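Chemist: One structure, pasted below without further comment.
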Amino acid sequence: MKIFLTGASGLLGRALFKELNECGRGFEVLGTAFSRTSGSLKQLNLLDSTAVKKMISDFGPDLVIHSAAERRPDVVKADPEKAQKINVDATGTVAEAASACGASILYMSSNYVFDGRNPPYYPDSAVNPLNEYGQMKLTGEHIVLEKCPDAIILRIPIVYGRVEYLGESTVTVIADEISADSPAYFDNRQMRFPTHAGDISNVISGLAGLLDAGEEIKGIYHWSSETSITKFGIAKILAGIMGIDPELIREAAPDPNAAPRPENAKLDTGRIRRLGLGTYRDFEQAIREILMEVSEQSS
Ligand SMILES: NC(=O)c1ccc[n+]([C@@H]2O[C@H](COP(=O)([O-])OP(=O)(O)OC[C@H]3O[C@@H](n4cnc5c(N)ncnc54)[C@H](OP(=O)(O)O)[C@@H]3O)[C@@H](O)[C@H]2O)c1
């Protein structure tokens, strides 16, 4: 099976590119990046629709996995017109190109399509995004399904994994924000479900394998770890690992300038588990390993 992957330089994309190449399912993978093109990745600006259509049609994939996006809600809120180009317009281009060469498409979406008031959320639960990012991911879902009716949509919550720098993920950035010198303040209301990029990659690779074997894999799927924790809780764990006094971690009042987030957008993962797919690793152990790796890289 030939797989075309966008966003292969990203937090999720790097883990996914590795998994697809190393899983032993015989996938031939073309990974694309934009500003961080390295190794075997090909450079592609997804805003250049002619280049996107040409690269996809020249490769002739059986499956296109569209992972590239602007995924930071506050960045999307600050410049929605710019974010619209990558999150919505480019998604339309990629879906059109996939459809033109008869490829299936798997589109990465988010639990931010839900308002977080009535968890858990099933693939057919009512959507109601609270911020522009969630709205754009939902619009992306609609565009993909319109252009490729057999598309696979995979909604996931907050991702963590091996990072190039601490600020790269919403989880590891917290390690940058806490210090032994002064108190640091974090939200203790919104429940997060940090899910490792490697575990998400295993699910995607499994779905691609089933598709390749002729199984009917289409429609909306959810994957998430069962770890349910606030940013305040994550900060306490990180403080423990980093030898920082946990009393320096304090509860913050809601930030009126931040893009609103759902309080509990827990995803039900039954549809993936019924396919025999999906495992997740222990959060505390995995985050400890990631912090150790970053500290070794910088020493
Ligand atoms: N991270 C999360 O917590 C989270 C949670 C839920 C859903 N998701 C979804 O999961 C997917 C992967 O997220 P991620 O965390 O891997 O994001 P990420 O680390 O921010 O990576 C974004 C990727 O998009 C690429 N990209 C951005 N603009 C581009 C352009 N104009 N042309 C081509 N490529 C471009 C980047 O390429 P360069 O870096 O090379 O420029 C990078 O590979 C996204 O669809 C996101 O919405 C993520």
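Each number in the numbering used here corresponds to the 1-based position in the sequence shown with 796 added.
Ideal Cβ positions, reconstructed from N, Cα and C, are used throughout, including at glycine.
Source: prediction; values computed, not measured.
Alpha carbon to alpha carbon, how far is T887 from K838?
Modeler: 18 Å
Chemist: Less than 7 Å between C-beta atoms, sequence neighbours within five positions excluded: which residues of the same chain meet that for I1045?
Modeler: Here the set comprises I974, A980, F982, F1028, A1031, K1032, A1035.
Chemist: What's the gap between the Cα of P1056 and the Cα of E877?
Modeler: Distance between the alpha carbons of P1056 and E877: 18 Å.
Chemist: Hey, would you say the C-beta of V923 is under 8 Å away from at least one heavy atom of ligand 1?
Modeler: no
Chemist: Less than 9 Å separating the beta-carbons of I882 and L950?
Modeler: no
Chemist: What are the start and end residues of each continuous alpha helix (DSSP H) run of 4 or more residues lying completely inside the segment 821-902, in chain order?
Modeler: 845-855, 869-874, 876-880, 886-896
Chemist: To which residues of the same chain is S863 closer than 8 Å at the C-beta, ignoring the five residues directly before and after it?
Modeler: L801, T802, G803, A804, G806, L808, G809, L812, M904
Chemist: Given the structure, does V969 come close to ligand 1, in the sense that its CB is under 8 Å from one of the ligand's heavy atoms?
Modeler: no
Chemist: Compute the Euclidean distance between the alpha carbons of A865 and V890, then round it to the nearest angstrom.
Modeler: Their Cα atoms are separated by approximately 12 Å.
Chemist: Enumerate in chain order the residues of its own chain whose CB-to-CB distance from N924 is below 7 Å, with the five nearest sequence positions on each side excluded.
Modeler: F910, D911
Chemist: In whole angstroms, give me the CA-to-CA distance for V1090 and I1083.
Modeler: 11 Å
Chemist: Can you name, in chain order, every residue of its own chain whose Cβ lies under 6 Å from the Cβ of P953, other than the five neighbours on each side?
Modeler: Within the same chain, P953 has close Cβ partners N907, F989, T991, S1020.
Chemist: What is the C-beta distance between A899 and D858, in whole angstroms, given that I count them as a contact (C-beta under 8 Å)?
Modeler: 6 Å
Chemist: Can you check which of these residues, Y929, T833, Q931, I948, is closest to P919 by C-alpha distance?
Modeler: I948
Chemist: Could you name the residues that DSSP lists as bridge partners for L801?
Modeler: G827, I861
Chemist: Can you find at least 3 beta carbon pairs, one from the segment 938-946 and one from the segment 954-964, that sit closer than 8 Å?
Modeler: no
Chemist: First and last residue of the alpha helix (DSSP H) that includes A811?
Modeler: Here the alpha helix (DSSP H) through A811 covers 807-818.
Chemist: Taking DSSP as the reference, what is the three-state secondary structure of I1016?
Modeler: strand
Chemist: Compare the Cα-Cα distances from L1006 to each of K814, E815, N817, R821 and report the closest residue.
Modeler: R821
Chemist: Three-state secondary structure (DSSP) at E960?
Modeler: Per DSSP, reduced to three states, the secondary structure at E960 is coil, with no helix or strand assignment.
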